[in-house]
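One structure below.
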Amino acid sequence: MSNPLNRNEIAALVAADITPGSFVNLGIGLPTTVADHLPARAAIVLHTENGMLNMGPAATGDEIDPDLTNAGKAPVTELPGAAYFHHADSFAMMRGGHLDVCVLGAFQVSGAGDLANWHTGAPEAIPAVGGAMDLAIGAKQVFVMMTLFAKDGRPKFVPECTYPLTGLGCVSRVYTDMAILDITADGVCVRDTYGITFDELSTRLDVPLRPA
Numbered sequence: 001m002s003n004p005l006n007r008n009e010i011a012a013l014v015a016a017d018i019t020p021g022s023f024v025n026l027g028i029g030l031p032t033t034v035a036d037h038l039p040a041r042a043a044i045v046l047h048t049e050n051g052m053l054n055m056g057p058a059a060t061g062d063e064i065d066p067d068l069t070n071a072g073k074a075p076v077t078e079l080p081g082a083a084y085f086h087h088a089d090s091f092a093m094m095r096g097g098h099l100d101v102c103v104l105g106a107f108q109v110s111g112a113g114d115l116a117n118w119h120t121g122a123p124e125a126i127p128a129v130g131g132a133m134d135l136a137i138g139a140k141q142v143f144v145m146m147t148l149f150a151k152d153g154r155p156k157f158v159p160e161c162t163y164p165l166t167g168l169g170c171v172s173r174v175y176t177d178m179a180i181l182d183i184t185a186d187g188v189c190v191r192d193t194y195g196i197t198f199d200e201l202s203t204r205l206d207v208p209l210r211p212a
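Anchor point for the sequence shown: position 161 equals 161 in my numbering, and the numbering is continuous, going up by one each time.
Printed below as a string of structure tokens:
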């Protein structure tokens, strides 16, 4: 049995599952690491909600341009053919169904594919909606990247979200450090496990699971 995945291993799995030629938005945080694992030959076009198409991997060293960032304000590179546009046009792309995939982080995902990723409801927490609601309903597929369990050990993949919702029934697949979960019309299918067996996973989660 393999060990749980680290963040780069999760990102590499997500990148490998994106169909060549897709238009893709990568959410703030962990999802941005997917850009560093996309093969150039795949011709995948990355979209950022702050107004850019054909974003490249993260910028380092002399590549850094303070005016060239992703939606999370991290410096990025541009690929040949990159285009820039108004924030409103960017959201029109998101809301108009023009994105094939968006990759988002999450506080919770339910077995029905509901997503909660903008607020924990805690009084001291700072809510951050951003464009997640628009992406969740506008993209043709929604992939989520997150750890399977919170720091206190509670599952983040749950029967029903208890945090404020971002979108209902919008998540297609969940990539975690311990399992990849497909959310289908027939229930939740476990594609792979890492550092945990299917039986152990079924015991620790309160969501009915079936093997691939």
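Note that CB positions come from ideal geometry on N, CA and C, so glycine has one too.
All figures in this text were calculated on a predicted structure; none of them were measured in a lab.
Of the choices the options, whose alpha-carbon is the least far from that of residue i?
i    : options                : result
E63  : E78, R204, K73, E124   : E78
V188 : P155, S172, G153       : S172
D182 : D67, D114, A125        : D114
T120 : G167, L201, F23, C161  : C161
M94  : S202, L135, D186, N3   : L135
L30  : T176, L205, I196, S202 : T176
L38  : T203, F143, V76, P20   : P20
L104 : G51, W118, T197        : W118
I18  : E49, I44, G96, K151    : I44
Run through the DSSP bridge pairs and tell me what residue i is partnered with.
i    : result
F23  : V45
T184 : G187
S110 : V158
D192 : I180
A116 : Q108
T69  : P75
G167 : L115
V144 : L104, V174
L209 : V188
Helix, strand or coil: which one does DSSP assign to residue i?
i    : result
E78  : strand
T33  : helix
L104 : strand
A11  : helix
F91  : helix
F198 : helix
T162 : coil
A40  : helix
L53  : strand
A83  : strand
Since residue i and residue j should fall inside the 8 Å C-beta cutoff, what is the C-beta to C-beta distance between them, to a whole number of angstroms?
i    : j    : result
A179 : Y194 : 7 Å
G130 : I28  : 7 Å
L99  : G72  : 17 Å between Cβ atoms; not a contact.
V174 : V144 : 5 Å
If the criterion is Cβ atoms closer than 8 Å, does the pair residue i and residue j meet it?
i    : j    : result
M146 : A106 : yes
T33  : A11  : yes
P159 : S90  : no
A83  : N54  : yes
P116 : Y163 : Looking at the sequence shown, residue 116 is not Pro but Ala. In contact: A116 and Y163 (Cβ atoms closer than 8 Å).
Y59  : D67  : The amino acid at residue 59 is misidentified as Tyr; the sequence shows Ala. No.
H47  : F85  : no
N8   : C102 : no
K140 : Q108 : no
P242 : A35  : Residue coverage of the chain in this structure runs from 1 to 212, which leaves residue 242 outside it and unanswerable.
C170 : V142 : yes
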